[in-house]
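K.L.:
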Amino acid sequence: MARLSLLLLLVSIVSQPTLAVYQLIQDYSGDAFWQGFDFFTDPDPTDGLVQFQSLEQANATGIAGFIEGGNASFAIYMGVDTENVAPQGRASVRVSSVQSYQHALVIADIVHMPGGVCGTWPAFWMVGADWPNNGEIDVVEGVNDQPTNSMTLHTGEGAVVSNGTDFLGELITSNCDVNAPNQPTNAGCSIGDISNLTFGPEFNEAGGGVFATEWTADFIKIWFFPRGSFPDDIVSSNPDPSKNWGTPNSLFQGSFNLDDHFKNLQIVFDTTFCGQWAGAVWNTSSCASLAPTCEDYVANNPADFVDAYWAINTLQVFQDDGSGDDNATAAANPALAKRTAAGEGYGKLQSKSGKRVLPIYS
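Residues -20 to -1, 1 to 342 (mature numbering (1 follows the signal peptide of the UniProt record, and there is no 0)) are what the sequence shown spells out, left to right.
1) With three or more beta-carbon pairs closer than 8 angstroms as the criterion, would you say the region 272 to 280 touches the region 242 to 261?
2) For the alpha helix (DSSP H) holding C169, just list the boundary residues, first then last.
3) I'd like the list of long-range same chain contacts for G172, defined as Cβ closer than 7 angstroms, with 5 residues on each side in sequence excluded.
4) For K223, count neighbouring C-beta atoms within 10 Å of its own C-beta (all shown protein chains included) and say buried if the count is 16 or more, exposed if not.
5) Report yes or no: do the region 229 to 245 and the region 108 to 118 share at least 3 C-beta pairs separated by less than 8 angstroms?
6) Quick one: what's M106 bridged to in DSSP?
7) Return the chain-ordered list of same chain residues with a C-beta closer than 6 angstroms to the C-beta of D306, the five sequence neighbours on each side being excluded.
8) Could you check if E324 is buried or exposed, using at least 16 other CB atoms within 10 Å of its CB as the buried criterion?
9) Within the same chain, show all residues whose beta-carbon is closer than 8 angstroms to that of F54, passing over the 5 residues directly before and after it, in chain order.
10) Write down the C-beta distance between H134 and G122 rounded to the nearest angstrom, noting that I regard them as a contact closer than 8 angstroms.
11) Taking only the alpha-carbon atoms, compute the straight-line gap between P67 and Q31 and give it to the nearest angstrom.
12) Please check the pair K94 and W290, which I expect to be a contact at CB under 8 angstroms, by giving their CB distance rounded to whole angstroms.
13) Excluding five sequence neighbours on each side, which residues of the same chain lie with their C-beta closer than 6 angstroms to the C-beta of I247?
14) On the three-pair Cβ rule with 8 angstroms, is the region 57 to 74 touching the region 199 to 218?
15) Classify E194 as buried or exposed, calling it buried when 16 or more other Cβ atoms lie within 10 Å of its own Cβ.
16) Report the three-state DSSP secondary structure of W262 (helix, strand or coil).
17) Less than 8 angstroms between the CB atoms is what I'm expecting for F104 and V119, so what's the real figure, rounded?
18) Taking buried to mean at least 16 other C-beta atoms within 10 Å of its own C-beta, is N64 buried or exposed?
19) Buried or exposed: Q15, going by 16 or more other Cβ atoms within 10 Å of its Cβ?
20) List the DSSP bridge partners of S130.
21) Among all the DSSP beta bridges, which residues are the ones paired with M58?
22) Check N307 in the structure and name its three-state DSSP category.
23) For L177, I'd like the list of residues in its chain whose CB is within less than 8 angstroms of its CB, leaving aside the five on either flank, ordered along the chain.
24) When you compare only the Cα positions, how much space is there between S230 and A192?
Set out below in structure tokens:
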């Protein structure tokens, strides 16, 4: 009997899943962001009315740099041209991380986003080199006056996610295949958030918050934490999603192998205009009262895009060190010191109108 009890104990220990212990592998705070991201200058693949600028162009015109203003001083800034009529496309920024990742916990503290502005299509996402076969994870995305965030996966054939009660959002489409039957082209598998704090004007007015994306071989989860409600382990840069993060806003998993569809993803931030989504749904939104087409509005109303900018306090990437040691600690990093010094108010812009952009380099 004693031998049987010991055997059962050993089986139970072996069968318990090992929890991930995340270690900081890349901190894109401050200057490290611009050193770790490349500027995309090709034509927009989504047919947007946009001219993506080079590092030199964006720095010279002030649409990329560091923002001053309240506790968000020296946050990473990515805006758009707000001065010129632009029939050939409004100047904007799209950047991609030089480094690609296979499984990661990506934590972004964002104080302001371009969402909720008619004509815009902003996104914070991850994508593989061979799209859609290497996959795409849209962490933050929306168009025009959309009030809540859309979290979406895009793949080739064979990835269908399950519905359930293990996430806060609403499953909109379940087939991640960009050419799935009975879904709009490139709809992917999408979960819509139910909180207006996750996108657009209400997100910005509340001072933004943290988006945390956990991508493993078994699932992809996305959480959002409003400013002032960050878990302590995120603040300390020693994240442990298994402890007190609660139910994620989205959970993507199903009876397919995630690693067959998501490989070596780069992190991307961009703001485009109109195109295959924002332009296509223009007439179904309240924005249609502003101009007959999305393109007409975007080209001729530069001053209406003063709030179409990203302000990012910190962006950190963690990976599981494989130890399963709950007592492991992350390496010291400047983001922790910055958050600790500023307290709960860290990152909240005091005044949009008072913002001043400092160049990436002079």
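Where a beta carbon is used, it is the ideal one built from N, C-alpha and C, also for glycine.
P.N.:
In this structure, then:
1) Because the criterion of three Cβ pairs below 8 angstroms is met, the region 272 to 280 and the region 242 to 261 touch.
2) Translated into the one-based positions of the sequence shown, residue 169 becomes position 189. For C169, there is no enclosing alpha helix (DSSP H); the residue is found in the beta strand (DSSP E) stretching over C169 to G172.
3) As a position in the sequence shown, residue 172 is number 192, starting the count at 1. Around G172: T128, S130, G149, E150 and I152.
4) Here residue 223 refers to the residue found at position 243 of the sequence shown. Sixteen is the threshold: since fewer than 16 other Cβ atoms of the shown chains lie within 10 Å of the Cβ of K223, the residue is exposed.
5) Touching, per the Cβ criterion.
6) Counted from its first residue, the sequence shown places residue 106 at position 126. Answer by DSSP bridge pairing, in chain order: I117 and I247.
7) Indexing the sequence shown from 1 puts residue 306 at position 326. With a pLDDT of only 42 at D306, under the threshold of 50, the placement of this residue in the model should not be trusted; the figure read from the coordinates follows. Beyond the five residues adjoining it in sequence on each side, D306 comes within less than 6 angstroms, by CB distance, of no other residue in the same chain.
8) Taking the first residue of the sequence shown as position 1, residue 324 is located at position 344. Low confidence applies here, because E324 scores a pLDDT of 43, under 50, leaving its location unreliable and the question unanswered by this model.
9) Against the sequence shown, residue 54 aligns to sequence position 74. Annotation for F54: G10, F46, I47, E48 and L338 place their beta carbon closer than 8 angstroms to its own, counting only its chain and skipping 5 residues before and after.
10) As a position in the sequence shown, residue 134 is number 154, starting the count at 1. As a position in the sequence shown, residue 122 is number 142, starting the count at 1. Not a contact, Cβ separation roughly 16 angstroms.
11) For the purposes of this step, residue 67 is identified with residue 87 of the sequence shown, where counting begins at 1. For the purposes of this step, residue 31 is identified with residue 51 of the sequence shown, where counting begins at 1. Their Cα atoms are separated by approximately 10 angstroms.
12) Your numbering for residue 94 matches position 114 in the sequence shown. Your numbering for residue 290 matches position 310 in the sequence shown. In the sequence as displayed, the identity of residue 94 is Pro instead of Lys. P94 to W290, Cβ: 6 angstroms. Contact.
13) Indexing the sequence shown from 1 puts residue 247 at position 267. S77 and M106.
14) With the rule of 3 Cβ pairs closer than 8 angstroms, the region 57 to 74 does not count as touching the region 199 to 218.
15) The residue you call residue 194 lines up with position 214 of the sequence shown. Buried.
16) Along the sequence shown, read from residue 1 onward, the residue named residue 262 stands at position 282. It is helical.
17) Along the sequence shown, one-based indexing puts residue 104 at 124. Along the sequence shown, one-based indexing puts residue 119 at 139. The Cβ separation is near 5 angstroms, so the contact holds.
18) Here residue 64 refers to the residue found at position 84 of the sequence shown. The residue is exposed, with fewer than 16 neighbouring Cβ atoms inside 10 Å.
19) Position 35 of the sequence shown holds residue 15. Q15 should be labelled exposed.
20) Against the sequence shown, residue 130 aligns to sequence position 150. DSSP lists G172 as partners of S130.
21) One-based indexing of the sequence shown puts residue 58 at position 78. DSSP, once it has assigned bridges, lists A44 and W290 as partnering M58.
22) The count along the sequence shown starts at 1 and reaches residue 307 at position 327. Any answer about N307 is weak, because its pLDDT of 39 lies below 50 and its placement is not dependable; what the coordinates show is given next. DSSP places N307 outside both helix and strand once states are collapsed to three, so it counts as coil.
23) Here residue 177 refers to the residue found at position 197 of the sequence shown. Once the five neighbours on either side are set aside, the close Cβ partners of L177 are F183, A186, G189, F204 and P206.
24) Numbered from 1 along the sequence shown, position 250 holds the residue referred to as residue 230. Numbered from 1 along the sequence shown, position 212 holds the residue referred to as residue 192. Answer to the nearest angstrom: the Cα atoms are 11 angstroms apart.
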